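Below is one structure, written out as C-alpha cells; comments come after it.
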Amino acid sequence: MEPPERYDAKYKKWALEDLPVIPAQWKLAVKADAKKQFTVIQKLLKKASSVVIATDADREGEMIAREILDTCQFHGPLSRLWLSALDDASIRKALASLKTGEETAPLYQAGLGRARADWLCGMNLTRLYTLLARRQGQKGVFSVGRVQTPTLRLIVDRDRQIADFIPRPYWTLTVTLIGENTPFQAQWRASESLCDEEGRCIREKALQQAAAEIRAVGQARVIQTETKRVKESAPRPFDLGTLQQVCSQKWGMGAQQVLDTAQSLYENHKATTYPRTDCRYLPLSMMANIPQVVGALQTFASELTPLLAQCNQQQQSRCWNDSKITAHYAIHEARRSRQNE
Numbered sequence: 231m232e233p234p235e236r237y238d239a240k241y242k243k244w245a246l247e248d249l250p251v252i253p254a255q256w257k258l259a260v261k262a263d264a265k266k267q268f269t270v271i272q273k274l275l276k277k278a279s280s281v282v283i284a285t286d287a288d289r290e291g292e293m294i295a296r297e298i299l300d301t302c303q304f305h306g307p308l309s310r311l312w313l314s315a316l317d318d319a320s321i322r323k324a325l326a327s328l329k330t331g332e333e334t335a336p337l338y339q340a341g342l343g344r345a346r347a348d349w350l351c352g353m354n355l356t357r358l359y360t361l362l363a364r365r366q367g368q369k370g371v372f373s374v375g376r377v378q379t380p381t382l383r384l385i386v387d388r389d390r391q392i393a394d395f396i397p398r399p400y401w402t403l404t405v406t407l408i409g410e411n412t413p414f415q416a417q418w419r420a421s422e423s424l425c426d427e428e429g430r431c432i433r434e435k436a437l438q439q440a441a442a443e444i445r446a447v448g449q450a451r452v453i454q455t456e457t458k459r460v461k462e463s464a465p466r467p468f469d470l471g472t473l474q475q476v477c478s479q480k481w482g483m484g485a486q487q488v489l490d491t492a493q494s495l496y497e498n499h500k501a502t503t504y505p506r507t508d509c510r511y512l513p514l515s516m517m518a519n520i521p522q523v524v525g526a527l528q529t530f531a532s533e534l535t536p537l538l539a540q541c542n543q544q545q546q547s548r549c550w551n552d553s554k555i556t557a558h559y560a561i562h563e564a565r566r567s568r569q570n571e
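Residue numbers (my numbering): 231 to 571.
Pasting the structure below:
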C-alpha cells in the first residue's frame, strides 16, 4: 500500500492537524524487486479468458492473487485451486474439485480488512506518538503497529518482572531408601507453615532438624499409599507454533529455522503439508488414508511392525474433527508414490 505522501504531498511533513490520514480510495504500488515478474503476469492476463488462483490456500494467499488481478484490471471468471500439500495425489484431487471464485472471495475481503487496519494503525499512530514525543524533547521515530506494539508491551512487562525479581532461597531434602533390595528416593514434605506459595521450604533450620531426625531413626516405614490410573490422550498433530516449540525444546532450533526447514520439506521435498497452519486437526475423510500410511511405515521402518500390528486403524481420536478445521489442516505427511522418488 502507498504511504500517506502518495495520497497528498502535504503528508510529507508530519503534522498533528493532518491526523488521522484516512484514504478515500486505497492505492497499491508494485514493489521494485517484483516489477519484472508483475509485468510478465500483466501481459499474460491480457491474453487470458479465465484464471485459476493457485496461491497459498489462506487469507493472505487470496489477497495477494486478487490484488494483482485488480491492479491488472482482470474481470474474467475465477476459479480457486485449494491445496494444503504439493504431492501428486493432492494436486490431482484439488484440480478435480476447483472452488469457484465466489466461495473464497470473503477471504480477500478479510485480508483487505487486516491490511488496511494495519496501515491505518501504523501510519497514524506512528506519526501521532512521534510528534508528541518530539514535544517532550525526544528524538527519532516511535514506530507503532497493531501487532508489534502489544508484543513489545509483553516483552517490556517480562523484562521488568525479571529486573524486579528478588531471589529467595529455599531448601529440599531428598533421602535414598532401600525397599526389597531396590533403592529409591523419597523427598521430605515440609508443612505449609514452613513453605512459600509454591510449596517450597524456606526455613533452613526446620529442614536441618528434619534431616537430623531422619538420620537418628535410621529407617522408614510406609504409612499410606495411593495409586492412580491416569489416562493421557495422544498429542494432536502439529501446527506451526507447536512444531516450533517442540523443536526448540528438543534441539534448540530457532523459530525461523524450524519454519525454513518445514517450508523446504513442503516445497522442495514434497514430504509434508503446508507448514504455516494454525490448525491441529484433520478431516474425517482422511481416515481413509490410514491403511496406506501404516503400510508405508511397515515398508520403510520394519522395526515398527510389532507396534503397528497393535494399532486400531478404526479408532477415531480427537485429532479427527471436521468442525475444528480452518483454512489448512494440521501438518502431516504428504502422499507420494515410490515412483516419484
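Note that CB positions come from ideal geometry on N, CA and C, so glycine has one too. Note that the structure is a prediction, hence the values are computed from the model and not measured.
Check: For glutamine 528, which option in Met517, Cys541, Met516 and Ala518 has the closest C-alpha, if you only look at C-alpha atoms?
Finding: The residue labelled residue 528 in the question sits at position 298 within the sequence shown. Glutamine 528 has its Cα closest to that of Cys541, out of Met517, Cys541, Met516 and Ala518.
Item checked: Paired residues, beta bridge with valine 460 - DSSP -> As a first step, residue 460 must be located in the sequence shown, where it is residue number 230. Partner(s): none; valine 460 has no beta bridge.
Checklist line | Element boundaries [alpha helix (DSSP H), containing proline 521] | finding: Here residue 521 refers to the residue found at position 291 when the sequence shown is read from its first residue. First-last of the alpha helix (DSSP H) with proline 521: 520-530.
Checklist line | Bridge partner(s) assigned by DSSP for phenylalanine 468 | finding: Within the sequence shown, residue 468 is the residue found at index 238, counting from 1. Partner(s): Ile561.
Notebook entry, point to check: In terms of residues, what are the limits of the beta strand (DSSP E) holding threonine 334?
Noted result: As a position in the sequence shown, residue 334 is number 104, starting the count at 1. Looking at the DSSP string, threonine 334 is not in any beta strand (DSSP E); the run it does join, the alpha helix (DSSP H), is 331-365.
Notebook entry, point to check: Got a sec: does the ligand SAM put a non-hydrogen atom nearer than 7 Å to the Cβ of threonine 301?
Noted result: Ligands are entirely absent from the displayed structure, and the ligand SAM is therefore not among its contents.
Checklist line | Of the listed residues Ser494, Arg548, Val377 and Cys425, nearest to serine 463 (C-alpha basis) | finding: Looking up residue 463 in the sequence shown gives position 233. Of the listed residues, the one whose Cα sits closest to serine 463 is Arg548.
Note to self: If you measure between the beta carbons of glycine 249 and asparagine 354, is that distance less than 8 Å?
What the structure shows: For the purposes of this step, residue 249 is taken as residue 19 along the sequence shown, with counting starting at 1. For the purposes of this step, residue 354 is taken as residue 124 along the sequence shown, with counting starting at 1. Residue identity check: residue 249 is leucine in the sequence provided, not glycine. Contact flag set, yes.
Check: Helix, strand or coil for alanine 416 per DSSP?
Finding: What you label residue 416 is simply residue 186 of the sequence shown in a count that begins at 1. DSSP places alanine 416 in strand when its eight states are reduced to three.
Note to self: Can you tell me whether serine 583 is buried or exposed? The criterion is at least 16 other CB atoms within 10 Å of its CB, across all chains shown.
What the structure shows: With the chain running from 231 to 571 in the structure shown, residue 583 is simply not present.
Item checked: Coarse secondary structure for leucine 437, derived from DSSP in three states -> Within the sequence shown, numbered from 1, the residue matching residue 437 stands at position 207. Three-state DSSP puts leucine 437 in a helix.
Check: What is the rounded straight-line gap between the Cα of glycine 352 and the Cα of glutamate 333?
Finding: As a position in the sequence shown, residue 352 is number 122, starting the count at 1. As a position in the sequence shown, residue 333 is number 103, starting the count at 1. Cα to Cα, the separation comes out at about 31 Å.
Next item on the list: For chain D, find out if any of its Cβ atoms is closer than 8 Å to the Cβ of lysine 500; answer yes or no.
Entry: No chain D is present in this structure, which holds just one protein chain.
Check: By DSSP, does threonine 406 sit in helix, in strand, or in coil?
Finding: Indexing the sequence shown from 1 puts residue 406 at position 176. Threonine 406 falls in the strand class under three-state DSSP.
Item checked: DSSP bridge partner residues for valine 281 (one or two, in chain order) -> Here residue 281 is taken as the residue at index 51 of the sequence shown, counted from 1. BP columns for valine 281 point to Leu308.
Note to self: If you measure between the beta carbons of leucine 311 and valine 282, is that distance less than 8 Å?
What the structure shows: Position 81 of the sequence shown, counted from the start, is the residue given in the question as residue 311. Position 52 of the sequence shown, counted from the start, is the residue given in the question as residue 282. Going by C-beta atoms, leucine 311 is nearer than 8 Å to valine 282.
Note to self: On the CB-based measure, 16 or more other CB atoms within 10 Å of its CB, does arginine 565 come out buried or exposed?
What the structure shows: Taking the first residue of the sequence shown as 1, we reach residue 565 at position 335. Counting Cβ neighbours within 10 Å, arginine 565 comes out buried, since at least 16 surround it.
Notebook entry, point to check: Excluding sequence positions up to five away, which residues of its chain have a Cβ less than 7 Å from the Cβ of asparagine 570?
Noted result: Within the sequence shown, numbered from 1, the residue matching residue 570 stands at position 340. Its pLDDT being 45, under 50, asparagine 570 is placed unreliably in this model, and the value from its coordinates should be taken loosely. Asp318.
Next item on the list: Would you mind sorting histidine 305 into buried or exposed? The rule is 16 or more other CB atoms within 10 Å of its CB.
Entry: By one-based count along the sequence shown, residue 305 stands at place 75. Histidine 305 comes out exposed.
Note to self: Assuming glutamate 290 is part of the alpha helix (DSSP H), what are its boundary residues?
What the structure shows: Your numbering for residue 290 matches position 60 in the sequence shown. Segment 289-301, the alpha helix (DSSP H) holding glutamate 290.
Note to self: Can you look up leucine 249 in the DSSP assignment and give me helix, strand or coil?
What the structure shows: Numbered from 1 along the sequence shown, position 19 holds the residue referred to as residue 249. In the structure shown, leucine 249 sits in coil (DSSP, three-state: anything other than H, G, I, E or B).
Note to self: Within 10 Å of its beta-carbon, does proline 399 have 16 or more other beta-carbons around it, so buried, or fewer, so exposed?
What the structure shows: As a working note, residue 399 is residue 169 in the sequence shown. Proline 399 is exposed by the Cβ-count criterion.
Margin query: Quick check on the burial criterion: 16 or more other C-beta atoms within 10 angstroms. Buried or exposed for alanine 416?
Written below: Taking the first residue of the sequence shown as 1, we reach residue 416 at position 186. By the neighbour-count rule (16 or more Cβ atoms within 10 Å), alanine 416 is not buried but exposed.
Check: If we ignore side chains and look at the alpha-carbon of each, how far apart do glutamine 474 and valine 488 end up?
Finding: Taking the first residue of the sequence shown as 1, we reach residue 474 at position 244. Taking the first residue of the sequence shown as 1, we reach residue 488 at position 258. Their backbone Cα atoms lie some 6 Å apart in a straight line.
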